[in-house]
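Peer 1: Residue numbers (the numbering used here), protein chains in the order written: chain A, 1 to 258; chain B, 259 to 446.
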Amino acid sequence: MKKTQTIVDREHLSSGYIESKQNFSTVLSRVKQLPTATWKNPWFYGPIGIAVFTVTISIVSLNPSNASVSASDPINQKEFLQLLSAKVVAPANVVQPVEVKNENSSASEKPVSAEKKPTIQHNLVVSIQEDLQEKQEVEEVIEIESQDFGIRKVAVNNRYPHINGFFTGEIPLDQLFSEKGIQLNPKIRIASFDFNFFNGKSNAVKAINGNVIPEELHFFIESHNLGKMIFITNIKAINEYNKEFTLPSINYKPIKGN
Amino acid sequence: MAVNPVYHQTSDILQEELSWISSAKKDPERFGPLYKKYHEQIFRYVYQRMDDQDLAFDVTSQVFIKAMSNLHKFEYRGVPFSSWLYRIAKSELYQAYRDRKARKTTNVESMHLFEMIEEFEEDDSSENKARLVKCLKELKDGDLEIIEMRYFERRSYREIGMILELTENNAKVKAFRALERLKILFMK
């Protein structure tokens with residue numbers, strides 16, 4: 001570090017001398033010469049401003065995220081972010097028919113007719129955000145049957161993970177350990193997931209490859225988790241283009257029965 | 259201890275100064291009275307800390323250029339306009355030390371040194387004076403700065419506090435501790 005030098009008894013400068021060195025006009029002219037910020041210049045709002053505005057507008061209009069969502073589009077992360085913010089209208093096992101919006105339906109499309117609307121109990125209805133819903137076309141429906149729980153309908157291009165049509169809430173043990181495992185729609189395969197349960201001593205997490213909950217966990221679920229919440233998290237899925245992405249977590253309350 | 263009349267102002271003078279500032283914010287040419295009032299004060303502050311007179315005048319001009327171009331940012335918070343100028347001056351000084359290779363300097367008068375030696379209850383001999391000058395060089399920058407302001411520039415604690423952004427009491431404590439450290443060095 002540079003050391004400070006000490007000067008003893010330097011010649012004292014008189015106030016008159018210092019005053020004679022004052023030069024306000026030079027200071028003022030140097031202030032006026034200081035460059036002004038680009039955005040403060042009026043010309044900035046002329047050609048540059050127009051150019052920036054045009055480029056911004058074109059970027060916004062070309063942004064693929066603004067394009068309309070088609071029901072047949074492959075599912076991607078962005079859509080899932082939207083889906084995550086979706087409202088669940090009715091919880092599991094609530095008696096309600098499948099809601100299908102059909103604003104632009106034509107004769108060639110396959111609408112769900114009034115008589116076909118399920119009146120069967122234990123249907124699960126999940127409605128996606130309103131704006132997304134408006135864009136969706138009429139969905140083809142797959143019917144899943146079970147003895148006690150009747151028929152549950154799942155859209156072909158469904159975007160929520162489920163086990164045999166159970167999206168959340170109570171699930172019979174046999175359904176939970178069904179060979180079909182976690183499903184979404186035919187285009188998407190579940191690669192792995194984490195299974196969170198109570199093993200009698202503490203909460204445990206088991207990482208599972210594939211989409212089926214292994215039978216070895218049956219004992220733990222039956223002994224310690226009946227009527228309690230279990231969680232399926234970190235669900236990794238692969239779409240038809242081999243692109244991996246994470247699905248929203250699901251949870252169930254296992255109960256006895258088929 | 260002498261009191262700096264430019265620094266210790268009555269409320270009328272402060273009000274007048276505020277009106278100059280507000281009109282200078284609208285028109286830079288109206289900064290003139292403020293420049294005239296504070297030029298000497300700022301120059302002496304700068305020149306006290308460097309050995310090159312021309313450079314000191316240049317740095318002083320730079321302080322006023324900065325002040326004028328940033329005047330719109332100035333807000334009156336109950337302290338004189340000069341404390342804001344001192345802060346700019348301090349930053350410009352350090353800039354000069356870095357960029358213009360100006361040499362850090364402390365200017366002292368023999369009289370001040372002898373006063374200090376007397377405070378240490380030692381003889382005011384020329385050997386002791388030389389010893390004290392040597393000790394000043396060994397002091398840390400912060401300590402030297404506050405000793406310089408208090409004992410060589412004769413500033414009040416209030417003024418030191420405003421320049422260094424400290425409370426008056428804190429400035430007093432710091433000055434006392436700096437003097438204690440100098441005394442320890444001197445007594446070695």
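Glycine residues also receive a C-beta, built at the ideal position from the N, C-alpha and C atoms.
Determine which residues share a DSSP beta bridge with E376/B and list them.
Peer 2: Per DSSP, none; premise fails for E376/B.
Peer 1: Whose C-beta lies closer than 6 Å to the C-beta of I238/A among residues of the same chain, with five residues either side of it excluded?
Peer 2: Closer than 6 Å at the Cβ level, and outside the excluded window around I238/A, lie R189, A191, E244.
Peer 1: Between the alpha carbons of T425/B and T54/A, how many angstroms are there, rounded?
Peer 2: Roughly 54 Å between the two C-alpha positions.
Peer 1: What residue does the alpha helix (DSSP H) around E350/B start on, and which one ends it?
Peer 2: Its alpha helix (DSSP H) spans residues 339-357.
Peer 1: Taking 7 Å as the threshold (beta carbon to beta carbon), is S383/B in contact with chain A?
Peer 2: S383/B does not count as touching chain A.
Peer 1: Counting only runs that start and end within the region 386-410 of chain B, where is the alpha helix (DSSP H) found for 4 or more residues in a row?
Peer 2: If we require 4 residues or more, the alpha helix (DSSP H) runs fully inside the region 386-410 of chain B come out as 399-405.
Peer 1: Cutting at 6 Å between CB atoms, please list the residues of its own chain near F289/B, excluding the five before and the five after it.
Peer 2: Within the same chain, F289/B has close Cβ partners A282, M326.
Peer 1: If we require 4 or more residues per run, which alpha helix (DSSP H) segments fall completely within the region 278-326 of chain B?
Peer 2: List check, alpha helix (DSSP H) in window: 290-305.
Peer 1: Starting from S15/A, find everything on chain B with Cβ-Cβ shorter than 8 Å and list it in chain order.
Peer 2: Ordered by position in chain B, the residues that pass the 8 Å Cβ test against S15/A are E298.
Peer 1: In angstroms, rounded to a whole number, what distance separates the CA positions of N427/B and M420/B?
Peer 2: Taking the straight line from one Cα to the other gives about 11 Å.
Peer 1: From G210/A, K236/A, L13/A, F195/A, pick the residue whose C-alpha is nearest to that of F220/A; which is it?
Peer 2: Among G210/A, K236/A, L13/A, F195/A, the Cα nearest to that of F220/A is on F195/A.
Peer 1: Determine, using beta carbons only, whether K206/A comes closer than 7 Å to chain B.
Peer 2: For K206/A, the answer is no, since every Cβ of chain B falls outside 7 Å of its Cβ.
Peer 1: Count the other CB atoms, across all protein chains shown, that sit within 10 Å of the CB of D401/B; report buried if there are 16 or more and exposed otherwise.
Peer 2: So D401/B counts as buried.
Peer 1: Taking one C-beta from the region 368-375 of chain B and one from the region 342-349 of chain B each time, how about it: are there three or more such pairs within less than 8 Å?
Peer 2: No: fewer than three Cβ pairs fall under 8 Å.
Peer 1: Express the C-alpha separation of P286/B and V391/B in angstroms, rounding to a whole number.
Peer 2: Each residue's alpha carbon lies about 44 Å from the other.
Peer 1: Out of S178/A, L62/A, V27/A, point me to the one whose CA is closest to G259/A's CA.
Peer 2: Residue 259/A lies beyond the residue range present for chain A, which begins at 1 and ends at 258; the question has no answer from this structure.
Peer 1: Are the C-beta of N365/B and some C-beta of chain A separated by less than 7 Å?
Peer 2: For N365/B, the answer is yes, since a Cβ of chain A falls inside 7 Å of its Cβ.
Peer 1: Less than 7 Å between CB atoms is the rule here; does Y293/B satisfy it with respect to chain A?
Peer 2: It does; some Cβ of chain A falls within 7 Å.
Peer 1: Would N225/A be called buried (16 or more neighbouring beta carbons within 10 Å of its own) or exposed?
Peer 2: The residue in question, N225/A, is buried, as its Cβ has 16 or more Cβ neighbours within 10 Å.
Peer 1: Leaving out five residues on either side along the sequence, give the residues of the same chain with a beta carbon under 8 Å from the beta carbon of Y334/B.
Peer 2: Within the same chain, Y334/B has close Cβ partners L276, I279.
Peer 1: Looking only at its chain, what residues have a beta carbon closer than 7 Å to the beta carbon of I213/A, apart from the 5 residues adjacent to it on each side?
Peer 2: Excluding sequence neighbours, I213/A sits near L176, F177, G181, F195.
Peer 1: Around the Cβ of M445/B, are there at least 16 other Cβ atoms within 10 angstroms (buried) or fewer (exposed)?
Peer 2: It counts as exposed.
Peer 1: Quick one: what does DSSP say A360/B is sitting in, helix, strand or coil?
Peer 2: Three-state DSSP puts A360/B in coil, outside helix and strand.
Peer 1: DSSP three-state label for F434/B, please.
Peer 2: DSSP places F434/B in helix when its eight states are reduced to three.
Peer 1: Measuring only between beta-carbons, confirm whether G400/B sits less than 7 Å from chain A.
Peer 2: No, G400/B does not count as interfacial toward chain A.
Peer 1: Please decide whether V31/A counts as near chain B, where near means a Cβ-Cβ distance under 7 Å.
Peer 2: It does: the Cβ of V31/A has a partner Cβ on chain B nearer than 7 Å.
Peer 1: Which one or two residues does DSSP pair with G169/A in a beta bridge?
Peer 2: The partner list for G169/A (beta bridge, DSSP) reads Y252/A.
Peer 1: Would I323/B count as contacting chain A if we go by Cβ distances under 7 Å?
Peer 2: Output row for I323/B: interface = yes.
Peer 1: K362/B CB to nearest chain A CB: under 7 Å?
Peer 2: Closer than 7 Å: yes.
Peer 1: Over what stretch of residues does the alpha helix (DSSP H) that includes R189/A continue unbroken?
Peer 2: First-last for R189/A: 189-198, but that is the beta strand (DSSP E), not the alpha helix (DSSP H).
Peer 1: Report the three-state DSSP secondary structure of V98/A (helix, strand or coil).
Peer 2: Low local confidence applies: a pLDDT of 44 at V98/A is under 50, so the model's placement there is unreliable, with the coordinate-based value given in what follows. DSSP places V98/A in coil when its eight states are reduced to three.
Peer 1: Are any of the Cβ atoms in chain D nearer than 7 Å to that of P338/B?
Peer 2: Reference to chain D is not applicable here, since the protein chains of this structure are A and B.
Peer 1: Under the DSSP definition of a beta bridge, which residues are partnered with H162/A?
Peer 2: In the DSSP output, where bridge partners are listed per residue, H162/A has Q183/A.
Peer 1: Spatial neighbours of I230/A within its chain, please: C-beta separation below 6 Å, excluding the five flanking residues on both sides.
Peer 2: The residues are F197, Y252.
Peer 1: I want to verify the contact list: residues of chain A whose CB lies under 9 Å from the CB of L440/B, in sequence order.
Peer 2: None at all; the shortest Cβ gap to chain A is about 13 Å.
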